[in-house]
Structures are given as C-alpha cells and as structure tokens.
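Read through the structure below, which is laid out as structure tokens, and then see the notes.
In this note's numbering, the protein residues as written are 111 to 276.
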C-alpha cells in the first residue's frame, strides 16, 4: 500500500479513498435515518384534564411537517380510540404530545409534568413537549412547535403563522 506524506502533516489518504469513505458514511447514515423514520409512532398513554389532553408518545416524527402529516393521517383513529379531543362547553380543546422518553418518574426538583390520574409514586415524565394541536375561535386548527406555529383552515390549507416578534 502506498502511503502519502505531506510535510509536517503525517499520513494522508489518497483522494479516491477519502471520497469513497465519505460516500460510504453518507449512505450508512442515510439508511439509518430512513430506518429510524419508518418506526411507527407508539401512543403510550393519554391523560385527560378537562378540555386538555396529554398524549405520551414514542418514535414521533422529527420534522414539523412529519408531525402535522402524522396528525392529519391519525386524528380519526385517535378520536375513535382515545376519545380526544374533548372540547370544553365553549368549544376549545388542546392536545399536547409529550415525548415519553425513559418513562414515568417520581416528582422531584427537575422540570417534569405530572399526571394526577396515575396512582403510582412514579407519575411524572420529563417535560419534553413535541407538538401541540388546538383550535381557535374561528374553528381553525393551530399546530404549535417550540419555534413555529401553523394554521390549518377549513379549506385544508396550512400556513405558517408569524410570531409577534417577527
């Protein structure tokens, strides 16, 4: 095997090998990411507080678009299986999707959300909100993420909403 030296730089790979290594690394990472994205979303639990529903999930889509598409595809199944959303008498509802992560934990000094309907000592999860679905006074659906909000109007059009600071 021929080794290449550069003054003061040590051994370097021939350009062909370096390119091949980069391409192989990209292919392997792409396959892993694709496989990861195919895992089905698992709804672990649903907790109800009036017109607020907390849905604990595993394997949720990564992107805003993926989360919205998942909701649109699964909202009827969620309504039928879990009876959510449950609007208040005045019509509003909120559904918060939380990452279930490593499961239920005891309440402590960490930032956790706890569920009173769980009668175990471990009734909290780490506060990692993934996605919120709610309706507004116009009957449109609002999708909220940590850094963006979208509106689904009655015509099925989705538009990104501007933040007040924009």
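From the three backbone atoms N, C-alpha and C, an ideal C-beta is built for every residue, glycine too.
Please read all numbers here as calculations on a predicted model, not as lab measurements.
Contacting residues, own chain, Cβ-Cβ under 6 Å from residue i (five flanking each side not counted)
i, result
"residue 61", "The requested residue 61 does not occur in the structure, where the chain is confined to residues 111 to 276."
"residue 129", "none"
"residue 260", "253, 268, 270"
"residue 177", "171, 241"
"residue 221", "237"
"residue 149", "169"
"residue 111", "For residue 111, the predicted model reports a pLDDT of 48, less than 50, meaning its position is unreliable; a value from the coordinates is still stated below. Excluding sequence neighbours, residue 111 sits near nothing in its chain."
Nonlocal neighbours in the same chain, by C-beta distance under 8 Å from residue i, ignoring five residues either side
i, result
"residue 151", "167, 168, 169, 170, 171, 180, 184"
"residue 208", "164, 165, 166, 167, 223, 235, 237, 238, 239, 240"
"residue 212", "236"
"residue 217", "224, 233, 234"
"residue 251", "243, 244, 245, 261, 262"
Helix, strand or coil at residue i according to DSSP, with G and I counted as helix
i, result
"residue 257", "coil"
"residue 159", "strand"
"residue 138", "helix"
"residue 133", "helix"
Same chain, Cβ closer than 7 Å to residue i, neighbours up to 5 away in sequence not counted
i, result
"residue 160", "198"
"residue 195", "163, 203, 205"
"residue 255", "174, 241"
"residue 188", "194"
"residue 276", "A caution first: residue 276 carries a pLDDT of 43, below 50, which makes its placement in the model too unreliable to give a value."
Cβ pair residue i, residue j closer than 8 Å
i, j, result
"residue 214", "residue 223", "no"
"residue 241", "residue 225", "no"
"residue 249", "residue 264", "yes"
"residue 156", "residue 200", "no"
"residue 106", "residue 154", "Since the first residue of the chain shown is 111 and the last is 276, residue 106 is not available in this structure."
Open item on the list: As an exercise, report each continuous beta strand (DSSP E) stretch of at least 3 residues that is fully enclosed by the stretch 162-247, in chain order.
Closed with: Fully contained in the stretch 162-247 are the following beta strand (DSSP E) runs of length 3 or more, in chain order: 162-168, 204-209, 222-224, 234-236, 239-245.
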